[in-house]
Amino acid sequence: MIAWLAFRPEKLWINQRVNEPAPFASSSEAWPIFAAQLEGKAHPTSGRATIYESLGGKRYLRLTDFATSNGPDVHVVLARAEDPALDQKIVKGNLDYVELGKLKGNEGDQNYDVPAAVDLQKYNAVVIYCERFNAVFGVARGESL
């Protein structure tokens, strides 16, 4: 029973679909400052990761056409694109990252706030990361726009 609760194997075959609207109604309210396609690592992962900034300076990450495997402890984080750990399926050692939140669903469009203090020149990769198993589900390495 404890193993079942720790691993949560039912998460492997139950999809959780999300369909959040964009936080800003028009492109004049917010514009993209980072964009990249997600590529799968430990699990097939696809979609587009875009970070937007509003006139007021608020930033958010939007995942669109997103799909990955479900898992027990999956998070959305920002990491350094040059970190060699991102080329591995399972991270050995420490991954330097900024937490944006638990993954809301393994399919569909979703939004995450990006704290204003985060340096996007330093943390320039969006990572779908399973903390429990140190697994990199997918990575989007992009360029600032």
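Residues 1 to 145 (our numbering) make up the sequence shown, in order. Quick reminder that beta carbons are idealized off the backbone N, C-alpha and C, glycines included.
Can you round the beta-carbon distance between Q16 and A140 to whole angstroms, since I take them to be within the 8 Å contact cut? In the sequence shown, the residue the question calls residue 16 occupies position 16. In the sequence shown, the residue the question calls residue 140 occupies position 140. Not a contact, Cβ separation roughly 20 Å.
**Asked** Looking at the structure shown, is D147 part of a helix, part of a strand, or coil, going by DSSP?
**Response** One cannot answer for residue 147 here, as it falls past the ends of the chain, which runs 1 to 145.
Check: By Cβ distance, which residues of its chain are closer than 8 Å to I33, with the 5 residues on each side in sequence left out?
Finding: Counted from its first residue, the sequence shown places residue 33 at position 33. If we look at I33 and ignore the five residues flanking it on each side, its Cβ neighbours are I51, Y52, E53, R59, L120, S144, L145.
Problem - CB of L63 within 9 Å of CB of V127, strictly - result: Start at 1 with the first residue of the sequence shown, and residue 63 comes out as number 63. Start at 1 with the first residue of the sequence shown, and residue 127 comes out as number 127. Not in contact: L63 and V127 (Cβ atoms no closer than 9 Å).
- Task: Compare the beta carbon distance of A42 and V136 with 9 Å and say whether it is the shorter of the two.
- Result: Along the sequence shown, one-based indexing puts residue 42 at 42. Along the sequence shown, one-based indexing puts residue 136 at 136. Taking 9 Å as the Cβ cut-off, A42 and V136 qualify as a contacting pair.
Original post:
Excluding the five sequence neighbours on either side, which residues of its own chain have a C-beta within less than 6 Å of the C-beta of V18, listed in chain order?
Top reply: Numbered from its first residue, the sequence shown carries residue 18 at position 18. Hits under 6 Å: K104, G105, G108, Q110.
**OP:** Report the option in D96, C130, T45, E29 whose CA atom is closest to the CA atom of V118.
**Re:** In the sequence shown, residue 118 corresponds to position 118, counting from 1. The option with the nearest alpha carbon to V118 is D96.
For the stretch 64–95, list the beta strand (DSSP E) runs that are entirely contained and at least 3 residues long, ordered along the chain. 74–79
For V114, the three-state DSSP class (helix, strand or coil): The residue labelled residue 114 in the question sits at position 114 within the sequence shown. In this structure, V114 counts as strand in the three-state DSSP scheme.
Practice task
Indicate the three-state DSSP secondary structure (helix, strand or coil) for S27 in the structure shown.
Solution key: Here the question's residue 27 lines up with position 27 in the sequence shown. It is coil, neither helix nor strand.
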